[in-house]
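Q: For what it's worth, the working numbering labels the leading residue of the sequence shown as 299, then goes sequentially.
Let me give you the structure first, and then I'll get to my questions.
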Amino acid sequence: MVQLYNLHPFGSQQVVPCKLEPERFCGGGPDALFVAAGCKVEAFAVAGQELCQPRCAFSTLGRVLSLVYSEAGDYLVAIEEKNQATFLRAYVNWRSKRTENSRVCIRMVGHNVEAPFRETFRDQMSIVEMPLSETPLCISCCPVKGDLLVGCTNKLVLFSLKYQIINEEFPVLDFERSLIIHIHNITPVEISFCVGYVAVMSDLEVLILKLESNPKNGESVHHHPHKPNSPVTQANDEGTSNETLQLESEDFVICQKPMELLGQNSEQSGVSVTLESTGLDDEKIKYFHVQHLLYRRFAPDISSYVLSDDIKLHSLQLLPIYQTDSLTSERKNLSQEKELLSLFCFFSLPHVGYLYLVVKSVELMSVYQYPEKSQQAVLTPQFLHVITSNNLQCFTVRCSAAAAREEDPYVDSTLKVDYSNTYKTAKTQSCIHLLSEAHLLVRAALMDASQLEPGEKAELLEAFKESCGHLGDCYSRLDTQYSHLALPYYKMSGLSMAEVLARVDWAAEDGSQKYERGLIFYISHSLYENLDEELSEELAVKVVRMFHVAEPKQLPHILCSPSMKNINPLTAMSYLRKLDTSGFSSILVTLTKAAMALKMGDLDMYRKEVKSHSEMKLVCGFILEPRLLIQQKKGQMVPTELAVHLKETQPGLLVASILGLQKNNKIGFEESDSFFKVLCGKDGDMIPQLLVDFWEAQLIACLPDVLLQELFFKLTSQYIWRLSKKQPPDTIPLRTSKDLINACSHYGLIYPWVNVLITSDSLADKNYTEDLSKLQSLICGPSFDIASIVPFLEPLSEDTVAGLSVQVLCRTRLKEYEQCIDTLLERCPEAVVPYANHELKEENRTLWWKKLLPELCQRIKCGGEKYQLYLSSLKAFDEYFLSMLEDLRNTVSCCCGTRTKGLLECPSRRWHCSIFLAISSLLQPKEIIDLKVSFGNQHNSI
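Spelled out as structure tokens, the structure:
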């Protein structure tokens, strides 16, 4: 932290015209101040044109001992003393009390508003009295929900804020005593309450608790009077009693040791806490159990029996910080709750202040040393204000910075600017420290932007950017172990890369200048990003010179940045050649030199560089630096000049390189498709052949199964589209169907009967034939989901051989054999027997007799144009069985037990004869004679 001497963030100083000497005072939100004196409370305006003018005044029962305002609910609560009796009263709707003699309604807490008063409540202040069985010692209001917590001896009483709805526009504020927190062995002097977090302070102890609403392990809140003699409590009481006896001994003074317990360890403090529900409606109970967060005990001064004021604690405070977008809630929306972002706890000794973070984790953030004895301290998100005997001192605090880290874990850092850990380098400590604190003040002010005027907010934003720029300069120029923080600060400053480079001292032009790590880190990371900023030729040369001196290995990467587009290629080439001579030569240097040679138009030099390495090494080089092929400009993917040249000269290398980028997660699947479309100048649904080549390469590369069906769909859709349109590819495909079958297991061997079907028609275009073969091969493969492609076959008509072959292939894969036989008998009878020979096996063999043979015979009987084709098919049918019987000759023995020597001598010949007899029974005599002639003399004996 930084102590700010004689510096206070106040725009002006005004005098409040109190009639009596003030005894107690408190703020009344952003626009009011309450001052208690005698038996009266006066409210003064602190905003607008009526600054410091009286707003209203109202009487109290007696002298005010404590005064607290709650912005949630807009009420004032006071502990008042009269005739040695203490009262707790809440003042509601105080803004309606215009004059001191205005009518006031006094009611008891929890009592319904009577009907006669309902009409007048809108314009009438009401006082809610809250009776307690014990004397109230201290009070605190939740700044978020408006609930009231009252501290008494050994207990805390919670009054929940609620509203009685008089009509739709005007709710009446009321309270309900909902919970008693019994706390033994500590007497509260000050308390603070915020959304379930409770801080309790005695003269030497601080205890922080969290009331949790979810039942834990079936635990429920107590609904019976508290019993203090539980085992734990009894043990604690015994310990306390023993200590008390020792403290009261005439011979000794025993003091407890200082202690700090965090988290669950704080349960070992000896302070027992139990809950007792007092709410009327059990279903509305909010808190079921207690979580201990912090216990801290300080040691008294043992030089005196009496506790000295020099060691007593004071100024206990819980400070919440809310989400940025929840700060604009209006007072009228009473039910709206702010979203808590972070919570801090502050308490102070006369000479030392302590600031803890208590949300998520409990940790000590800062310790404040006062040069003078303090009387009171107030914590805000920006400052710690300390009232001493002579001065009002201010210290900067890191509450807003910690809250900003909660809202954005990566703010002010590349990974994770804790401020308290950055001041380890002695050389830069003072400069960075002061700038960091100034940066914190501006950030804290911006966190509460709802209270700013538009002009003030713009001024603060400008100051914030300026502070970021100065911090970026510090971390980029000074030798510190946190030099990498130059990057986030320069980014938050809004400075362009050219503006940052303009702030650099380029005095040493001979290359002897030393460049600090922070500047190198910032420039290298900025050049790696897809910025739309192009450096001038002069700045680009300076950047190249810088990296040549500081990090020469990074030069190829730097030169590939789109921001370095204006670099003179001759200058870049000269520095790259220096890398060769200094021993930094690599495949990446070679490719960068090739790219520069293309820019210069020197194709001979380009070829020399590219031919110096194998294609596999070139692919590895592109993987190391994808920007040699692809760059981002204004959010759009742009192929480089080198990529365009490879498309024309070495498309296979280009496809392999993009595939390598994809496999190494340097480019996404959709991005790679877009790249080829842009490269080939195809828009919309137009698919260039080079992209089809890339899809085929993806299948060969065996990509994950999750993308397999998507690739199948892309390829088959493109094959079908080109076949239906008879559209040849725009470039020669890199692979033929035979190449794919040999290289990729997803492409299967085309079934033999398909070739018989295809030969029935002649296709003039070879590329058209290749698309058909690839589609057929893919359907014949083992991985293809046939059902997914069937709806897309409609453009392929069965009137063409291509469409017929694909349709029959798909139906076959779906095991629709009978439909396929009908289609082939109708369209291509000569393929039906090869089809049956390949497909009708095992359990499907019966279709030979039940389907194929009767259909052939029936069509032969009907005659027609295809009579001879059917007759030939039937002959092929018989010859198939003859060949099968010939195969059986060597494996099947005769019924006499000897090997057969010829087909006609085999008893299985009877099977063949029975086939012919079956055919004869289906044909007319004329067809039988024709069939005999076609079969030959071997059937004459039948």
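Beta carbons are placed, not taken as given, at the ideal position from N, Cα and C, and that holds for glycine.
Quick caveat, the model's predicted, so the values are computed rather than measured.
Buried or exposed: which applies to N963, given that a residue is buried once 16 or more other Cβ atoms fall within 10 Å of its Cβ?
A: So N963 counts as exposed.
Q: Considering only DSSP beta bridges, list what S458 is partnered with.
A: In the DSSP output, where bridge partners are listed per residue, S458 has E474.
Q: Helix, strand or coil, according to DSSP, for L585 in the structure here?
A: Before going on, a small fix: residue 585 reads as Tyr here, not Leu. Here Y585 sits in coil by DSSP.
Q: Could you tell me the boundaries of the alpha helix (DSSP H) in which L507 lies?
A: Unbroken run through L507 is the beta strand (DSSP E), E503 to E510; no alpha helix (DSSP H).
Q: Please report the straight-line C-alpha distance between H768 and H482, rounded to a whole angstrom.
A: For H768 and H482, the distance between alpha carbons rounds to 53 Å.
Q: Between C1126 and L1055, how many whole angstroms is the CB-CB distance? I'm expecting something under 8 Å.
A: Sure, about 5 Å apart at Cβ, within 8 Å.
Q: Rounded C-beta distance between K1149 and E1116? I'm assuming under 8 Å.
A: With a Cβ gap of about 6 Å, K1149 and E1116 count as contacting.
Q: Could you please give the first and the last residue of the uninterrupted alpha helix (DSSP H) stretch that includes G326?
A: Run containing G326: none; DSSP gives neither H nor E here.
Q: Please report the distance separating the alpha-carbon of K1023 from that of S861.
A: Each residue's alpha carbon lies about 44 Å from the other.
Q: What number of angstroms, rounded off, separates the C-alpha of K395 from the C-alpha of D421?
A: Taking the straight line from one Cα to the other gives about 8 Å.
Q: Would the beta-carbon of S1071 fall within 8 Å of that of G1046?
A: No, Cβ-Cβ distance for S1071 and G1046 is not below 8 Å.
Q: In angstroms, rounded to a whole number, what distance separates the CA positions of C316 and C354?
A: C-alpha separation (whole angstroms): 12 Å.
Q: Would you check if the distance between the CB atom of S511 and the CB atom of T576 is smaller than 8 Å?
A: No, the Cβ-Cβ distance between S511 and T576 is not below 8 Å.
Q: Should I1030 be labelled buried (16 or more other beta-carbon atoms within 10 Å of its own) or exposed?
A: Flag for I1030 reads exposed.
Q: So, helix, strand or coil for M984, using DSSP?
A: Looking at M984 - three-state DSSP - the assignment turns out to be coil, as it is neither helix nor strand.
Q: I'd like to know whether the C-beta atoms of S822 and Q852 end up nearer to each other than 8 Å.
A: For S822 and Q852, yes; Cβs fall inside 8 Å.
Q: So Q291 is in the beta strand (DSSP E); what residue range does that whole segment cover?
A: No statement about residue 291 is possible, as the shown extent of the chain runs from 299 to 1240 and does not include it.
Q: Give a yes or no on whether the C-beta atoms belonging to L825 and A796 are separated by under 8 Å.
A: No; because the gap between Cβ atoms is not below 8 Å, this pair is not in contact.
Q: Which one or two residues does DSSP pair with R361 in a beta bridge?
A: Answer is E379.
Q: Counting only runs that start and end within the region 1107-1177, where is the alpha helix (DSSP H) found for 4 or more residues in a row?
A: Taking only runs of at least 4 residues, the alpha helix (DSSP H) segments lying wholly in the region 1107-1177 are 1115-1125, 1130-1137 and 1151-1160.
Q: Considering only the beta carbon of each residue, do G770 and S791 sit closer than 8 Å?
A: Contact: yes.
Q: Could you check whether the Cβ of L386 sits closer than 7 Å to any heavy atom belonging to the ligand NAP?
A: For the structure depicted, the ligand NAP is absent and the ligand set is empty, with no information on it obtainable.
Q: Label W804 either buried or exposed according to how many other C-beta atoms from any shown protein chain fall within 10 Å of its C-beta, with 16 as the threshold for buried.
A: Looking at its Cβ environment, which holds fewer than 16 other Cβ atoms inside 10 Å, W804 is exposed.
Q: Excluding the 5 residues flanking E913 on each side, which residues of the same chain have their C-beta closer than 6 Å to its C-beta?
A: For E913, where only same-chain residues beyond five positions count, the Cβ hits under 6 Å are L951.
Q: F762 by DSSP, collapsed to three states: which one?
A: Helix at F762.
Q: Ordered along the chain, which non-local residues of its own chain (more than five positions away) have a Cβ less than 7 Å from that of Q929?
A: Once the five neighbours on either side are set aside, the close Cβ partners of Q929 are P860, V936 and T938.
Q: From C692 to G651, what distance separates their C-alpha atoms?
A: Straight-line Cα distance between these residues: approximately 12 Å.
Q: Need the endpoints of the alpha helix (DSSP H) that M406 sits in, please.
A: Premise fails: M406 lies in the beta strand (DSSP E), V402 to M406, not in any alpha helix (DSSP H).
Q: Select from R1157, L359, C350 and E348 the residue whose C-alpha is nearest the C-alpha of A335.
A: Among R1157, L359, C350 and E348, the Cα nearest to that of A335 is on L359.
Q: Pull up the distance between the alpha-carbon of V676 and that of Q615, whole angstroms please.
A: Near 8 Å, if we compare the C-alpha coordinates of Q615 and V676.
Q: Would you call the CB atoms of Y1017 and D1069 closer than 8 Å?
A: Yes.
Q: Tell me which residues share the same chain as L739 and place their Cβ nearer than 7 Å to its Cβ, disregarding the 5 neighbours each side in the sequence.
A: The residues are Q680 and T694.
Q: In the structure shown, what three-state DSSP assignment does K555 receive?
A: Coil at K555, not helix or strand.
Q: With DSSP run on the structure shown, which of helix, strand or coil describes N631?
A: Here the model assigns N631 a pLDDT of 43, short of 50, so the residue's position is not dependable and the matter cannot be decided.
Q: Report, in whole angstroms, the separation of the C-beta atoms of S500 and I484, which I expect to be a contact under 8 Å.
A: Contact flag correct, Cβ pair sits at about 5 Å.
Q: On a Cα-Cα basis, can you pick out the residue from D472, K906, G371 and N399 that is closest to M406?
A: Looking at the Cα atoms, D472 is the closest of the given residues.
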